[in-house]
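Residue numbers (the UniProt record's numbering): 1 to 279.
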């Protein structure tokens, strides 16, 4: 049975319904060892104040969510995104986050250039990596399900993300790696081989869990609670551990019409039960 001290809650799981200071207290009180906060929550209170509370509660920040998109229709758009992400990297360092999560962006509607968008991603990550190295803040590329290629991410498999890492930072796995989210990757026919390869390369920086409803109704806002869908979560965890991952398992559930309507303490209680029974 997994220890809750080795589990984290992404604050999106609770629907961003309360101030971050209240959410952190709830997560710590429920027995979890970690948290993944979002930028807008931290910026509302100030990174220094949040860092003090995290230390007092002894919560580990598994990842800081998240980058703004690295793709854009114009050079000015892309420069603005880089500048904003550099500021967020400094906040991530203040919080002591284990990584800064990169959601890289989709295809610009007016351009329709998929290869160009992927080239922009490489360029943007390379630019961020210079600042990340100064701060000793690892960057974690999060591949997203292919259904998001148009608007959220043109990096859609672990294999793609690993290839980017090897191109941009071939000798620096501690600074550029991958955030593996079961929701986005469970379907991949190369999943087992890709997890193993990422593990051999020492590139796995984060591990997110939820479930996929067989009759999912919204590609963003209908993630399932662990055990309510079709993903072999226990098998997924074994593959992650076999690949050498020994970090925290982070629950990240976007569920506007189900779990975001449930009292936060009840959501946390169900997360704890499911992590220990089906993951």
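Where a beta carbon is used, it is the ideal one built from N, C-alpha and C, also for glycine. Fair warning: this is a prediction, and the values are worked out from it, not measured in the lab.
Cβ-based burial, residue i [other Cβ within 10 Å; buried from 16]
i: residue 74; result: exposed
i: residue 1; result: exposed
i: residue 46; result: exposed
i: residue 156; result: buried
i: residue 232; result: exposed
i: residue 224; result: buried
i: residue 205; result: buried
i: residue 274; result: buried
Short Cβ contact (9 Å threshold) for residue i with residue j
i: residue 199; j: residue 235; result: no
i: residue 230; j: residue 208; result: no
i: residue 91; j: residue 43; result: yes
i: residue 178; j: residue 141; result: yes
i: residue 240; j: residue 180; result: yes
i: residue 78; j: residue 39; result: no
Closer than 8 Å: residue i CB and nearest the ligand COA heavy atom
i: residue 48; result: Judged by which ligands are present, the structure shown has none, so any question about the ligand COA falls away.
Secondary structure of residue i, DSSP reduced to three states
i: residue 254; result: coil
i: residue 205; result: strand
i: residue 9; result: strand
i: residue 38; result: strand
i: residue 176; result: strand
i: residue 147; result: helix
Closest residue to residue i among the options (Cα-Cα distance)
i: residue 174; options: 153, 58 and 136; result: 136
i: residue 97; options: 81, 61 and 130; result: 61
i: residue 186; options: 214, 177 and 170; result: 214
i: residue 184; options: 145, 101, 48 and 162; result: 145
i: residue 148; options: 106, 139 and 124; result: 106
Euclidean distance between Cα positions of residue i and residue j
i: residue 323; j: residue 119; result: For residue 323 there is no data in the structure shown, the boundaries of the chain being 1 and 279.
i: residue 11; j: residue 254; result: 10 Å
i: residue 34; j: residue 110; result: 40 Å
i: residue 25; j: residue 108; result: 40 Å
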